[in-house]
Structures are given as C-alpha cells and as structure tokens.
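Position 331 of the sequence shown, counted from 1, bears residue number 331 in the UniProt record's numbering, the numbering being contiguous throughout.
Just so you know, even glycine gets a beta-carbon here, dropped at the ideal spot from N, CA and C.
Working notes, structure below.
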Amino acid sequence: MKLFDVYPINDINIVKGLGSYVWDDKGIEYLDMYGGHAVISIGHTHPHWVKKIEDQLEKIAFYSNSIKIPLQQELADKLGKVSGKNNYQLFLCNSGAEANENALKLASFHNGRKKIIAFTKSFHGRTSLAVSATDNPSIVAPVNETENVAFLPFNDEDALKKYFEKNGNEICAVIVEGIQGVGGIRVASKTFLQLVRNVCNQYGAVFIADEVQCGYGRTGTFYSQDQADVEADIYSMAKGMGNGFPIGAISISPAIAAKHFMLGTTFGGNHLACAAAIAVLEVMEKENILKNADETGNYLLNEIAKIPSLENVRGKGLMIGFDVPSELQELRANLLKRHKIFTGYAKPNVIRLLPSLALDKKDADKFLNALREEVNFLLSEKQNIPASVNA
Ligand code: PMP
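Here is the structure:
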C-alpha cells in the first residue's frame with residue numbers, strides 16, 4: 001500500500017535527531033533551523049526528556065481521565081511556576097487545533113455569545129472552529145464557513161475599535177497570535193494587543209492568546225503576550241510543550257475557569273504526555289532556555305539584518321522571518337541542498353526560522369555563515385562575477 005503523500009516537499013528521510021541537528025537515512029547531518037515547525041523547544045532527543053518518557057513508559061502510559069492523575073497536577077504546578085501564571089487552570093489536550101477549539105468553545109460557554117473576532121493571515125488550526133477562525137481559504141471547507149467569525153485587519157487599532165463600538169455586546173472572543181507564524185512572522189504591536197485587552201474588558205469578550213507557535217518560550221518570554229504587558233483570559237499552547245511528544249493545553253484565567261468542566265477528551269493529559277511535558281519544563285528551568293532564546297534570537301536578528309538584499313528582518317527571540325527578493329529565490333532550496341540546513345517558509349517569499357530554543361551561538365554562526373555565503377553566491381551568479389566569501 002502506498003502512503004498518502006502528506007508532504008511532497010522532498011524525499012529526505014529523517015531518522016535521528018540530537019539537539020539542533022537531525023540526520024537522514026544516509027547519515028547526512030542537517031542543522032535544523034525549522035525545529036520541526038517550532039515544535040522542538042529543548043532540543044531533539046534531550047537526554048532528560050528521553051529518560052523521563054522511558055521511565056514513565058515502563059510504569060504506565062495511559063489511564064482514563066475518569067480517575068485522578070497526579071502527573072497532571074504536577075504539570076499544572078510546574079507550568080504555573082515557569083509561566084508566572086499560577087492562578088490559571090489547565091485543560092490538557094493533544095494538539096494546537098484542539099487547544100484553540102476548546103478555547104473558543106469555553107469562551108462561548110462563558111458568555112453565551114457566538115461572534116469570534118480573528119485577524120487577517122491568522123492560523124489557528126484545522127479542526128472545525130479553529131479553521132473557521134483561520135484566514136486561509138484553501139483549508140476552510142464549505143462546512144466550516146460561518147458568519148460567526150469576522151476577520152479584521154491585523155494590527156489595525158482603528159478597525160478593531162470601530163468594530164467593537166458597533167458590535168461589542170455580541171462579541172464572544174478575540175483570538176490573536178502575538179506573532180503570526182504561518183502568516184509570515186508578523187509581530188502584533190504592543191498597543192494593538194493592549195487594545196485587544198481593553199475592548200475585551202469593556203465589552204465582556206474573552207481574550208484568547210494563541211501561543212501555539214509563538215509561545216512556550218519561543219520569543220524569550222514564556223508567552224509572547226508577556227512582552228505587551230497584557231494578560232489573556234485563555235492561552236492556548238501545543239508545539240513546544242512536548243518537544244515532539246503530542247500534547248496541547250489551554251491555560252484558563254480564574255475569571256472564566258468555572259465552566260472548564262464542560263470540556264473533555266480521552267487522551268488529553270495521559271501519563272506519558274504529562275511526563276514528556278514535565279521534562280520539557282524541568283529542562284527549560286535548569287538550562288535557562290528562555291534566556292538563551294532571547295539572547296541567541298537577538299544575535300541572529302541583528303546579524304541577519306546586516307546582510308544586504310534580505311528584507312524586513314523581523315521577529316522576536318527564536319521566531320524570525322525575512323523576505324527574500326526574487327533574485328534570491330533559490331536561497332531556501334540552496335540552504336538545504338548545499339549547506340544541509342532546514343528552514344521554514346511562508347507565502348509568498350518569507351524564510352521562517354524556528355529552531356530549537358537551545359540553539360547555541362556556534363550553530364547560530366554556522367547558519368549565519370551559510371546564509372551570507374549563499375546570498376553572496378546567488379547575487380554573484382546573477383551578475384556573473386566571482387563570489388567573495390565574506391560579503
Ligand atoms: N495555532 C498556530 C498559531 C499554529 O501555528 C498552529 C500550527 N501551525 C496551530 C494553531 C495548530 O496546531 P496543530 O497543528 O498542533 O493542530
């Protein structure tokens with residue numbers, strides 16, 4: 001039987017990973033600046049994470065949520081401590097889409113309203129409500145189209161204010177990424193996020209921060225929203241939470257936690273997933289991962305911005321994007337083919353960097369050298385002049 005071709009990108013078969021590196025079945029080593037799409041938080045196969053999962057697997061992997069699972073409380077306590085929000089309640093599930101699905105549903109249970117505000121170029125997942133709030137027509141099936149979702153222009157304070165002035169009492173929730181990921185690393189401004197907070201307070205709407213890609217330490221603070229000094233009512237998270245082990249969650253503020261019990265899922269919060277997620281938080285604390293994301297991220301941002309021809313270098317921490325002009329359109333493919341470096345992509349011409357949050361300076365330099373060399377090579381090729389190595 002032939003497997004459905006899920007990702008017909010290339011035929012590289014990754015069989016091993018360690019830290020910021022992965023290897024294919026031929027033994028070729030790649031620097032992973034994509035982090036498996038922002039999933040790798042503490043590094044591939046971190047030994048503490050492996051050990052914790054192995055130990056748990058030998059005891060028990062799963063038992064139903066109908067009984068008490070102390071590991072869930074341990075995870076909740078640790079997450080409260082590391083995120084600085086220890087009065088929030090945790091609901092555990094299995095993916096980012098499921099987290100947003102439940103966040104939106106909980107918001108509606110909470111205030112009884114239906115109207116969701118999302119933003120242009122948003123991505124919140126592929127399940128029913130999550131995809132309805134996603135501004136990507138190619139993945140929205142006719143059955144997911146709904147008048148309950150309005151898309152407003154991202155970062156447009158006027159449009160948001162006006163919409164709320166007119167329809168404020170009908171609005172159930174605003175869902176926003178602190179930095180849009182799939183949309184192309186678009187950073188929400190601090191004042192925009194503060195306005196979201198204010199209008200939600202004023203009109204009784206729920207502020208949902210989708211931290212699935214931009215959260216969990218990726219921007220150098222635990223939640224990207226922390227940098228705008230706002231507190232969301234619900235934070236959704238997934239990707240980095242398990243470092244590759246599937247787990248998602250929403251963290252719910254005390255004001256709306258009462259209807260938490262309306263949510264449920266069979267596999268969410270299973271023993272094995274909790275063990276993986278606890279291991280991630282332990283390593284984050286012990287190895288100062290957030291500080292590293294901040295410092296290495298700043299270093300990368302500053303250095304990339306110095307490279308001529310790359311445009312609009314932007315982002316925070318280890319969530320970085322830049323535009324590639326048409327004369328360098330082979331850049332991403334060449335980084336993979338010639339330099340064995342994985343990067344991410346967003347339409348139409350954005351390279352996205354989402355490496356392990358433990359990426360060290362040596363590997364950041366390795367990437368920067370390859371990037372400088374490749375930009376120089378492509379430019380000189382176009383102009384038919386010999387490439388100088390240090391341009
Ligand atoms: N929200 C955001 C911001 C995302 O980037 C993604 C995944 N790319 C999702 C939600 C959906 O997560 P998952 O694929 O785990 O369902």
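Look at the Cβ atom of residue i, then the Cβ atom of residue j, and state whether they are nearer than 8 Å.
i    : j    : result
I304 : L371 : yes
T265 : E98  : yes
Q180 : K121 : yes
I278 : E74  : yes
Q227 : T221 : yes
A275 : L79  : no
L318 : L357 : yes
G244 : I40  : yes
N65  : P246 : no
I237 : G217 : Residue identity differs from the one stated: residue 237 is Met in this sequence, not Ile. No, Cβ-Cβ distance for M237 and G217 is not below 8 Å.
H37  : I256 : no
F207 : A188 : no
W49  : I42  : yes
N86  : P254 : no
L281 : G35  : no
I234 : A76  : no
N155 : F192 : yes
H44  : G27  : no
Can you find the residues in the same chain that come closer than 7 Å, C-beta to C-beta, to residue i, ignoring five residues on each side of it along the sequence?
i    : result
I116 : L104, A133, N148, V149, C172, A173, I175
F151 : A118, F119, T120, D135
L301 : V313, G315, I320
E285 : V82
F91  : N102, A249, I250, I252, H260, L263
E311 : F322, D323, P325
V131 : G125, I139, V140, N144
I341 : Y30, L31, M33, L335, F367, A370
Y345 : R332, I351, R352
T127 : A97, E98, E101
E330 : L378
H339 : A370, E374
R197 : F207, V230
H298 : Checking the sequence shown, residue 298 turns out to be Asn, not His. Result list for N298: empty, nothing under 7 Å.
T146 : S132
I307 : L371, R372, V375
G204 : N111
V182 : F123, A346
Mind checking who residue i pairs with in its DSSP beta bridge?
i    : result
D32  : F342
V149 : I116
V187 : I179
Y88  : Partner(s): none; Y88 has no beta bridge.
L195 : None, per the DSSP bridge assignment.
D156 : Bridge partners of D156: none, in fact.
E311 : D323
A141 : Partner(s): none; A141 has no beta bridge.
F207 : V174
C93  : G248
V350 : D323, A346
K316 : M319
Take residue i and list the residues in its own chain whose beta-carbon comes closer than 6 Å to its own, dropping the five residues that flank it on each side.
i    : result
L129 : E101, L104
V22  : I14, Y30, D32
P8   : Low confidence applies to P8: its pLDDT is 48, below 50, so where it sits in the model is not reliable enough to give any reading.
K190 : A228
D24  : I12, N13, I14
T296 : L359, A364
G240 : S41, Y216
P153 : T120, A159
Nearest chain B C-beta to residue i closer than 8 Å, yes or no?
i    : result
V350 : Judged by its chain identifiers, the structure shown contains no chain B, having just a single protein chain.
Apart from the five residues just before and just after residue i, which ones in its own chain have a Cβ nearer than 8 Å to its Cβ?
i    : result
V350 : G184, I185, G321, F322, D323, V324
L195 : E157, L160, K161
F62  : F267, N270, H271, L272
Q202 : F164, G168
K291 : G220
T343 : M33, Y34, R332, L335, L336, I351, R352, L353
Could you tell me if the beta carbon of residue i falls within a distance shorter than 7 Å of some heavy atom in the ligand COA?
i    : result
F151 : Of the ligands one can find in the structure shown, namely the ligand PMP, none is the ligand COA.
Around the ligand PMP, Cβ to any heavy atom closer than 6 Å, ordered along the chain: My final list is S95, G96, A97, N100, F123, H124, G125, E177, G181, V182, D210, V212, Q213, A238.
Complete beta strand (DSSP E) runs within the region 210 to 288 (minimum length 3 residues, chain order): Annotation: the region 210 to 288 contains the following complete segments of the beta strand (DSSP E) (minimum length 3 residues), in chain order: 234 to 237, 248 to 252.
Contiguous beta strand (DSSP E) assignments of at least 3 residues, all confined to the region 10 to 88: Counting whole runs of 3 or more residues, the region 10 to 88 contains the beta strand (DSSP E) stretches 14 to 18, 21 to 24, 29 to 32.
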